[in-house]
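When we follow the UniProt record's numbering, the leftmost residue of the sequence shown carries the number 1, and every step to the right adds one.
Shown next, in structure tokens, is the structure this report addresses.
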Amino acid sequence: MSKKIEIPNHSYYRLINTGPVILGTFRSGEKQNITTFAWTTPLSKDPPLLGIALAPERYSYELIKESNVFCVNVPNSSILSKVFEAGNISGRDYDKFKLLELDFTEAEKVNCPLLTDCIGNIECEVQQIVHVGDHYFFIGEVKRAIVSEEIWENNHLNLKKENGQTVHHLGDQYFTIPNQITEAKFFSREKK
């Protein structure tokens, strides 16, 4: 992966404003997990806030409730199958970091893994939790946002660059990336 540059926290939303599927990472003590999200939204530039929706039966819900931190990782199309698989298996049953062979480093501002295979990463601290229907909406304050230097131009993602092609969920195993629709493939897997 290319060198990443730090961007102003108030610009975090420009990493996700295109509506990409993201990979959330979570940690509580020795437990950690990766999950796929399509339900994310920028909420405020000052202070920089973003929201993610999680169902209470999800393993990641348990971890975020215990730790009050999370990271948003913005994948590109090169890891589409891993993105798809991360949303189709439970971290209770599988070590997703091992199974998906996703590299990570430690976040600088929160106690959470950051996926180095992703083009952008946003470190967040939970400020508020709102019960909304069958989900809980976690509002996080952005503590740090980084992006791959090669795809950040004029304070925006350049989706025309090959490495800048984000992934957008259409439903089931179908996704779109800028200018095409593609189908993700299932992994073969063994439970822990």
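Just so you know, even glycine gets a beta-carbon here, dropped at the ideal spot from N, CA and C.
Check, Outcome
"Residue range of the beta strand (DSSP E) that LYS31 falls in?", "31 to 37"
"Can you give me the start and stop residues for the alpha helix (DSSP H) that ALA86 sits inside?", "80 to 86"
"How big is the Cα-Cα spacing for ASN76 and ARG58?", "24 Å"
"What first and last residue would you give for the alpha helix (DSSP H) that runs through PHE186?", "Neither: PHE186 is in no alpha helix (DSSP H) and is coded neither H nor E."
"Cβ atoms of PRO20 and VAL142: under 7 Å apart, would you say?", "no"
"Could one say the Cβ of PRO42 lies closer than 7 Å to chain C's Cβ atoms, at least one of them?", "No chain C is part of this structure, which consists of one protein chain only."
"Which residues does DSSP list as the beta-bridge partners of TYR136?", "LEU54, HIS131"
"Tell whether a beta-carbon distance below 7 Å holds between PRO48 and TYR12.", "yes"
"Determine which residues share a DSSP beta bridge with LEU157 and list them.", "TRP152"
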